[in-house]
């Protein structure tokens, strides 16, 4: 793997962000230390034609003003916390309500809006890029000084691996993910993409898109992707959960043993033949079909991101976990290490 560091632009506080160019196998990946963000993934189709399959921007300044969390590392807690409130050790913590009545993706200034420290690290399988950030006690209302480390590794088999680590000096909550929007065609919408999910259950939500409780079987519903299905086939069906979210925006329960790598998803774009496989140790994954993209966001080279112009597969613990004792816990204690990993593997066929 080759790594090259480039200038990416100046932030509002005068600090410089960098762009890191990784190449291995048949693909190229660009990352920025602002938000520990995946800026681009350039990979070939079945004819060998290269295209960027990730939504994003050309400069750090544009990421500073980003409102869709394009490609960024999300924390301290990904997804929603109902009413911006949770209880830990008998104390109620109040967080910003930045998505209606909910706290979303870490708050007003989540991990996607801070400059991380980046350095190349040498691992057994080659070079990787490590990014670290120290989130201070009470940042965005969360307890504890949290040291976060995210390691991006690109392998010759066209697999981009993301390893997440975190440690705290006070009991806290943490749930990290990456919020990349993929479009394997390189442009247009994602409705023709064919999706398979390794999931028998999803979490139904209320009108605020917060889980209402117990897992629900996907069987005999348009939420079922256990057989590879075109994303657009059922997205507009008269089904309450789809109508509440304006499409797919739900956490799927990944089958298999949590904490162990297992395949979570396969996506294929039929015209290009590009394929994305997702593997993870996480218990869940938010499948989001880009329902809130509305043409107001201009990305790379002035591209306009229209509704359903990208999809997200955000591997994670369940949304609103601190308020659901029956969900897999996201509590982290001093002396313990939060550790999760996800692989995005790109291919064609």
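In the numbering used here, the protein residues as written are 1 to 349.
Glycine is no exception: its CB is placed at the ideal position from the N, C-alpha and C atoms.
How should residue i be labelled, buried or exposed, when 16 other C-beta atoms within 10 angstroms of its C-beta is the threshold for buried?
i, result
"residue 217", "exposed"
"residue 286", "buried"
"residue 2", "exposed"
"residue 333", "exposed"
"residue 248", "buried"
"residue 143", "buried"
"residue 251", "buried"
"residue 156", "exposed"
"residue 174", "buried"
"residue 425", "With the chain running from 1 to 349 in the structure shown, residue 425 is simply not present."
"residue 137", "exposed"
"residue 240", "exposed"
"residue 41", "buried"
"residue 89", "exposed"
"residue 107", "buried"
"residue 304", "exposed"
"residue 134", "exposed"
"residue 337", "exposed"
Alpha carbons only, please: which of the options is nearest the one belonging to residue i?
i, options, result
"residue 261", "269, 277, 248, 251", "277"
"residue 105", "77, 131, 270, 45", "77"
"residue 51", "192, 231, 269", "269"
"residue 161", "151, 45, 168, 167", "151"
"residue 5", "271, 24, 31, 141", "31"
"residue 91", "102, 141, 67", "141"
"residue 8", "42, 58, 53, 45", "58"
"residue 335", "26, 84, 147", "147"
"residue 253", "15, 297, 319, 233", "319"
"residue 273", "346, 101, 29", "346"
"residue 81", "153, 211, 55", "211"
"residue 228", "266, 296, 330", "266"
"residue 326", "11, 14, 126, 214", "214"
"residue 75", "103, 85, 209", "103"
"residue 340", "230, 176, 187, 323", "176"
"residue 271", "87, 19, 189, 131", "189"
"residue 15", "116, 291, 56", "116"
"residue 263", "302, 342, 26", "342"
"residue 185", "145, 12, 53", "53"
"residue 294", "124, 309, 12", "309"
"residue 311", "255, 231, 322, 330", "231"
Using the three-state DSSP reduction, which class does residue i fall into: helix, strand or coil?
i, result
"residue 9", "strand"
"residue 360", "Missing from the structure shown is residue 360; the chain here goes from 1 to 349 and no further."
"residue 183", "coil"
"residue 199", "coil"
"residue 126", "strand"
"residue 112", "helix"
"residue 155", "coil"
"residue 219", "coil"
"residue 15", "coil"
"residue 141", "helix"
"residue 191", "coil"
"residue 345", "strand"
"residue 176", "coil"
"residue 333", "coil"
"residue 131", "strand"
"residue 207", "coil"
"residue 2", "strand"
"residue 117", "strand"
"residue 167", "strand"
"residue 227", "coil"
"residue 212", "coil"
Give a yes or no on whether 8 angstroms exceeds the smallest Cβ distance from residue i to chain B.
i, result
"residue 36", "Absent from the structure: chain B. Only one protein chain is present."
* Residue ranges of each alpha helix (DSSP H) within the segment 25-109, 4 or longer -> For the segment 25-109, whole alpha helix (DSSP H) runs of length 4 or above, ordered along the chain, are 60-64.
* To do: Could you pull out every unbroken beta strand (DSSP E) segment of at least 3 residues lying fully inside the segment 229-290, listed in chain order?
  => DSSP runs (the beta strand (DSSP E)) wholly in the segment 229-290: 249-253, 262-268, 274-280, 284-288.
* Quick one: any contact between the segment 82-97 and the segment 189-205, if contact means 3 or more CB pairs under 8 angstroms? -> With a cut-off of 8 angstroms, the segment 189-205 and the segment 82-97 do not count as touching, because too few Cβ pairs lie within range.
* Quick one: any contact between the segment 35-42 and the segment 110-130, if contact means 3 or more CB pairs under 8 angstroms? -> By the criterion of at least three beta-carbon pairs nearer than 8 angstroms, the segment 35-42 is in contact with the segment 110-130.
* Does the segment 199-209 come within contact of the segment 218-234, defined as at least 3 CB pairs closer than 8 angstroms? -> With the rule of 3 Cβ pairs closer than 8 angstroms, the segment 199-209 counts as touching the segment 218-234.
* So, do the segment 55-72 and the segment 166-186 have three or more beta carbon pairs nearer to each other than 8 angstroms? -> Judged by Cβ distances under 8 angstroms, the segment 55-72 makes contact with the segment 166-186, as three or more pairs qualify.
* **Runs of alpha helix (DSSP H) lying entirely within the segment 290-320, each at least 4 residues, in chain order** => Fully enclosed alpha helix (DSSP H) runs of 4 or longer: not present.
* To do: Inspect the CB distances between the segment 310-317 and the segment 280-295 and report whether three or more fall short of 8 angstroms.
  => The count of Cβ pairs closer than 8 angstroms, one atom from the segment 310-317 and one from the segment 280-295, reaches three, so the stretches are in contact.
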